[in-house]
Every structure is written in C-alpha cells, then in structure tokens.
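Colleague: Numbering (this note's numbering), first residue to last: 1 to 156.
Glycine is no exception: its CB is placed at the ideal position from the N, C-alpha and C atoms.
The structure is given below, and queries will be raised subsequently.
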Ligand SMILES: [Fe+2]
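In structure tokens:
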C-alpha cells in the first residue's frame with residue numbers, strides 16, 4: 001500500500017506536520033491544565049466543575065493521540081517532549097491557586113485559541129489536498145467551540 005505522504009510535496013508535509021505539532025502541544029498543555037483544575041477546584045460548584053474538567057482532559061488526551069498518530073501516518077517524527085510542547089504552545093501552563101471562576105474563564109479562552117489553531121490547520125491541509133488532516137482538524141475545532149460555549153455559559 002502506498003505511503004499517504006507520497007501524495008504530498010515535502011513542503012506541504014512540513015507545513016502540515018508543523019500545524020499538527022502546534023495542535024498536539026496546545027492540546028497537551030490544555031489536558032494537563034484541565035486535570036490540574038479538576039484536582040484543585042473548590043466551592044459550591046465543585047461537583048459539576050470537577051466533572052466538566054474531567055470531560056475536557058479525557059477528550060483532549062484522546063485527541064493528542066489521534067493528532068500524533070496523524071503525524072506518523074504522514075511519515076514524520078512526533079515531537080512529544082513536554083519541553084517542546086511548552087515551546088510550541090500558545091496556551092500557557094496552569095498557574096498557582098486561582099478561583100473556580102478564573103479556571104472556567106482561562107479554559108474558555110484556551111478553547112477558543114485551540115479552535116483557531118485547528119481551523120488554521122484545517123485550511124492549510126485543505127490547500128494541500130490533505131483531506132484526512134482537514135477533516136480531523138475541523139472535527140477538533142468543533143469540539144473546542146463546544147467546550148468554549150459550555151465554559152462561557154457559566155460566566156453569563
Ligand atoms: Fe479524578
């Protein structure tokens with residue numbers, strides 16, 4: 001069976017892998033952040049927020065794997081080091097102690113940022129005819145938009 005990467009030029013592959021790497025980095029930082037908030041959240045909304053943050057980090061953990069395996073399917077090496085994630089992510093690591101409301105606000109902002117990263121990747125992949133990465137990126141963007149909406153609804 002032909003390597004899927006054969007259909008892409010080297011330049012196209014490099015650009016798409018670059019977009020996937022940023023997506024993996026940001027998804028991974030957000031996974032850890034949501035889990036950190038899951039552990040540390042306090043207050044009267046503890047139950048639903050503890051559960052919501054878990055839903056987010058479980059979703060993101062699966063997504064990291066799917067995005068990384070797409071890099072491998074394109075024939076490239078996955079840059080899976082935490083130090084690389086921190087360098088490549090526009091999303092910052094979680095900070096010290098913050099309130100439940102601040103946690104929700106920060107995650108909502110991050111989800112919007114993640115959605116924009118994935119949409120940029122979807123457009124790039126489409127330009128190069130990589131419909132599989134395009135489809136994956138659109139689906140991820142949709143998930144991030146939904147989480148952003150759920151989180152923002154707590155703040156209204
Ligand atoms: Fe837990």
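Starting from residue 115, trace the alpha helix (DSSP H) in both directions and tell me its first and last residue.
Modeller: Counted from its first residue, the chain shown places residue 115 at position 115. Run containing residue 115: 100-127, per the alpha helix (DSSP H) assignment.
Colleague: Am I right that residue 126 and residue 42 are in contact with their C-beta atoms under 8 Å? What's the rounded C-beta distance?
Modeller: Within the chain shown, the letter at position 126 stands for residue 126. Within the chain shown, the letter at position 42 stands for residue 42. In fact, because the Cβ distance is near 44 Å, the residues do not count as touching under 8 Å.
Colleague: Does at least one heavy atom of ligand 1 sit under 7 Å from the Cβ of residue 38?
Modeller: Position 38 of the chain shown, counting from 1, holds the residue named residue 38. Within the cutoff, so yes.
Colleague: Is the separation between the beta-carbon of residue 148 and that of residue 108 shorter than 8 Å?
Modeller: Reading the chain shown from its first residue, position 148 is the one you call residue 148. Reading the chain shown from its first residue, position 108 is the one you call residue 108. A contact, by the Cβ cut-off of 8 Å.
Colleague: Which two residues bound the contiguous alpha helix (DSSP H) that contains residue 143?
Modeller: Working through the chain shown from its first residue, we reach residue 143 at position 143. Unbroken alpha helix (DSSP H) run through residue 143: 131-153.
Colleague: Looking only at C-alpha atoms, which of 124, 35, 55, 32 sits nearest to residue 16?
Modeller: The residue given as residue 16 occupies position 16 in the chain shown. The candidate whose alpha carbon is nearest that of residue 16 is 124.
Colleague: Beta carbon of residue 34, beta carbon of residue 46: below 8 Å?
Modeller: What you label residue 34 is simply residue 34 of the chain shown in a count that begins at 1. What you label residue 46 is simply residue 46 of the chain shown in a count that begins at 1. No, the pair does not count as a contact, with Cβ atoms beyond the cut-off.
Colleague: May I ask you to check if the CB of residue 142 is nearer than 7 Å to at least one heavy atom of ligand 1?
Modeller: By one-based count along the chain shown, residue 142 stands at place 142. Not under cutoff, so the answer is no.
Colleague: Whose C-beta lies closer than 7 Å to the C-beta of residue 141 among residues of the same chain, with five residues either side of it excluded?
Modeller: Within the chain shown, numbered from 1, the residue matching residue 141 stands at position 141. Here the set comprises 115, 118, 119, 122.
Colleague: Please name the residue in 36, 60, 86 whose C-alpha comes closest to that of residue 50.
Modeller: Here residue 50 is taken as the residue at index 50 of the chain shown, counted from 1. It is 36 whose Cα lies nearest to the Cα of residue 50.
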